[in-house]
Amino acid sequence: MRSAYDAAQIRAGEQPLLDRLPEGTLMRRAASGLARRCAALLGRVSGARVVVLAGSGNNGGDALFAGAALARRGARVDALLTGSSAHEAGLAALRAAGGRIHPRPEDHGHLDTAGGVETAMVTSADLVLDGMLGIGGRGGLRDAAAQLADLLAGLPTAARPVVVAVDMPSGVDASTGEVAGTAVRADVTVTFGALKTGLVVAPGAQHAGTVETIDIGLQLPPAPVTLLDAADVASLLPAPHGETDKYRRGVVGVVAGSDAYPGAAVLAVGGAVVAGAGMVRYVGVAHPAELVRQRWPEAVVTVVDPGDGAAVLDAGRVQAWVIGSGLGTDDAAAAVVEAVLSTDLPVLADADAITVLSRQPDWLRRRRAPTLLTPHAGEFARLVDGDRDDVEARRLEHVRCAAADLGATVLLKGSTTLVASPEGQVRVNTAQTPYLATAGSGDVLSGICGALLATGLDPLDAGSAGAFLHGLAGLLAAGIPAAPFPALQIVDHVAAAVRAVRLGQ
1093 MRSAYDAAQI
1103 RAGEQPLLDR
1113 LPEGTLMRRA
1123 ASGLARRCAA
1133 LLGRVSGARV
1143 VVLAGSGNNG
1153 GDALFAGAAL
1163 ARRGARVDAL
1173 LTGSSAHEAG
1183 LAALRAAGGR
1193 IHPRPEDHGH
1203 LDTAGGVETA
1213 MVTSADLVLD
1223 GMLGIGGRGG
1233 LRDAAAQLAD
1243 LLAGLPTAAR
1253 PVVVAVDMPS
1263 GVDASTGEVA
1273 GTAVRADVTV
1283 TFGALKTGLV
1293 VAPGAQHAGT
1303 VETIDIGLQL
1313 PPAPVTLLDA
1323 ADVASLLPAP
1333 HGETDKYRRG
1343 VVGVVAGSDA
1353 YPGAAVLAVG
1363 GAVVAGAGMV
1373 RYVGVAHPAE
1383 LVRQRWPEAV
1393 VTVVDPGDGA
1403 AVLDAGRVQA
1413 WVIGSGLGTD
1423 DAAAAVVEAV
1433 LSTDLPVLAD
1443 ADAITVLSRQ
1453 PDWLRRRRAP
1463 TLLTPHAGEF
1473 ARLVDGDRDD
1483 VEARRLEHVR
1493 CAAADLGATV
1503 LLKGSTTLVA
1513 SPEGQVRVNT
1523 AQTPYLATAG
1533 SGDVLSGICG
1543 ALLATGLDPL
1553 DAGSAGAFLH
1563 GLAGLLAAGI
1573 PAAPFPALQI
1583 VDHVAAAVRA
1593 VRLGQ
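Going left to right, the sequence shown walks through residues 1093 to 1597 as my numbering numbers them.
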């Protein structure tokens, strides 16, 4: 399991080393690792053209020292100073190594973008080191820094230098991943000491490129934000043993689909069938029930009338419920949602159930049994009476607040899927492909996570392990080179995903 930290936690981890070690030791460690990675990216350092974008802080110093190391190996290194000051020791090292320093423009930091010398240097570079802002940077870039970020973003791919961010891409909030305006888009981010939360949470994650961590000797406590790998997921999946029967493996009840959206029932049941539950019990109205029988003969199907919550609960033994996909949002659907939430069993609420709950949030707040919500950003915005764009911009903050307020674990789907517990622990899903953004994909996810709830996992483990398996199944379905796929192909690849994580354990 990998850990991600915010800026305050990193600074707290650095302070004992700063107090104990000779001045500049940590910066030299960071710059040395950064220079090695840049050299590997360049291949041939001698004769390469490197531009260092150096701001006022320590990240600017790291970049200048790394630039000096590359200059000593024969690279032509130019440093563009973007802050009101610069790291003096770093400047001296670069000058001594033969690098050239270009002061910040006097005209309020504005560059001549119509063919000025700075623009020419950037566009002719083989590699650009972004050291304009560090982990303390907040808000969008301004003046020369913003112009340089826009200049890099606007270059055609064939003419774009390799962009290496120093610790963080400038303009990305290290603690949250928020991007409040212009920010650098890096090909590689070389981060120091530990992974920063802003590098793994969208939208910041989309600016980071490939992330590599340089060990500088930090000792850090357990992190509130973590990322599971295949071995972690494998360790969570219950393994059958000699005395296992279908009830010990868990029975999941699925309440999904309607006459308008019958396919949602097929997809949610499919996700549950292939994800390890001992039995899947489908409860729904006649038309989707018949489709479930045809596609999934393993499922036990009970037909109920619309809105008959009592009949749903009387359908038979279950150990967790999945409710909401394609269910509808009318009074009949609401009655069934209320009935399922009134039980003391674990419940996963998805899609239409979340829309119903946006009108009745106290149904969640008064529950004491485990609850997992799996909204996309639009459903989440309805649930918290917020704005979708703001949810997307501040995903980490919103998912944590909602989980604490509602007393439920929240799985916020998206470009980086986050799973947050009411206690504040957050897991970031690392197995994803953009091709999962297809109709019905979320229905499959609800079935997978619901099956894991029924096997006895708590909502945080069920949500994070289910999201990983769902994402890995999507990657397998997409193939290499990646190609679009329908949601049923996710179901077809879940068993292979489970096999893959077990083999990698």
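Note that the Cβ used here is the ideal one computed from N, Cα and C, for glycine as well.
Nothing here was measured: the structure is a model prediction, and the numbers come from that model.
| Asked | Found |
| --- | --- |
| Which residue marks the beginning of the alpha helix (DSSP H) containing D1535, and which one marks its end? | 1533–1546 |
| Could you pull the DSSP bridge partners for G1345 from this structure? | R1373, W1413 |
| Any idea what DSSP makes of A1096, helix, strand or coil? | strand |
| Spell out the partners DSSP gives V1143 in its beta bridges. | D1170, V1220 |
| Which runs of the alpha helix (DSSP H) fall wholly inside the segment 1480–1525 and span at least 4 residues, in chain order? | 1480–1485, 1487–1498 |
| Give me the residue from L1561, Y1527, L1552 with the minimum Cα distance to A1579. | Y1527 |
| Quick one: Cα of A1323 to Cα of S1556, how far? | 13 Å |
| Would you list the residues sitting across from R1192 in a DSSP beta bridge? | D1170 |
| Can you check whether the CB of S1350 is closer than 7 Å to the CB of G1418? | yes |
| Does the distance from the CB of D1444 to the CB of G1478 come in under 7 Å? | no |
| CB-CB under 8 Å to V1384, same chain, minus the five flanking residues each way: which ones, in chain order? | G1349, A1357, V1358, V1361, Y1374, G1376, A1391, V1393 |
| At 3 residues or longer, what runs of the beta strand (DSSP E) sit wholly inside the segment 1439–1478? | 1439–1441, 1463–1465 |
| So, for M1119: in the same chain, excluding its five sequence neighbours on each side, which residues have a beta-carbon less than 7 Å away from its beta-carbon? | N1150, G1153, D1154, F1157 |
| Mapping the DSSP letters down to three states, classify A1104 as helix, strand or coil. | helix |
| Please work out which residues of its chain come closer than 7 Å, Cβ to Cβ, to A1278, disregarding the five sequence neighbours upstream and downstream, and give them in chain order. | D1222, V1255, V1256, A1257, P1261, H1299, A1300, G1301 |
| Between L1456 and L1498, which are expected to be in contact by the criterion C-beta below 8 Å, what is the C-beta distance as a whole number of angstroms? | 5 Å |
| Should V1476 and V1448 be called a contact, given that it needs their Cβ atoms to be closer than 7 Å? | no |
| Could you tell me the boundaries of the beta strand (DSSP E) in which L1319 lies? | 1317–1319 |
| What do you reckon, are the CB atoms on L1162 and P1195 nearer than 7 Å? | no |
| Under the rule that 16 or more other beta-carbon atoms within 10 Å means buried, what is E1180, buried or exposed? | exposed |
| Identify which residue in P1438, P1576, A1575, G1125 has its Cα closest to the Cα of V1346. | P1438 |
| Does the structure place the segment 1102–1114 close enough to the segment 1132–1151 that three or more beta carbon pairs sit under 8 Å? | no |
| State the start and end residues of the unbroken alpha helix (DSSP H) segment that holds V1590. | 1579–1595 |
| Count the other CB atoms, across all protein chains shown, that sit within 10 Å of the CB of E1515; report buried if there are 16 or more and exposed otherwise. | exposed |
| Among Q1411, I1308, T1318, whose alpha-carbon lies nearest the alpha-carbon of V1293? | T1318 |
| Distance, Cα to Cα, F1472 vs N1521? | 18 Å |
| By DSSP, does L1109 sit in helix, in strand, or in coil? | helix |
| List, from N- to C-terminal side, the alpha helix (DSSP H) runs of 4 residues or more that fit wholly inside the segment 1353–1400. | 1355–1366, 1378–1387 |
| Leaving out five residues on either side along the sequence, give the residues of the same chain with a beta carbon under 7 Å from the beta carbon of A1424. | P1398, G1399 |
| Who are the near neighbours of L1134 in its chain, counting only those whose CB is closer than 7 Å to its CB and skipping five residues on each side? | A1140, D1218, L1219 |
| Roughly how many angstroms separate the alpha carbons of L1312 and R1492, rounded to a whole number? | 22 Å |
| Measuring alpha carbon to alpha carbon, tell me which residue in R1128, V1414, G1159, A1496 is nearest G1539. | V1414 |
| Using the Cα positions of A1189 and A1160, report the straight-line distance between them to the nearest angstrom. | 6 Å |
| So the alpha helix (DSSP H) V1325 belongs to, where does it begin and stop? | 1322–1328 |
| Where do the N-terminal and C-terminal ends of the beta strand (DSSP E) with E1210 fall, by residue? | Element bounds for E1210: not the beta strand (DSSP E) but the alpha helix (DSSP H), 1209–1215. |
| Under DSSP, the alpha helix (DSSP H) around E1270 begins and ends at which residues? | E1270 -> no alpha helix (DSSP H), and no H or E assigned at all. |
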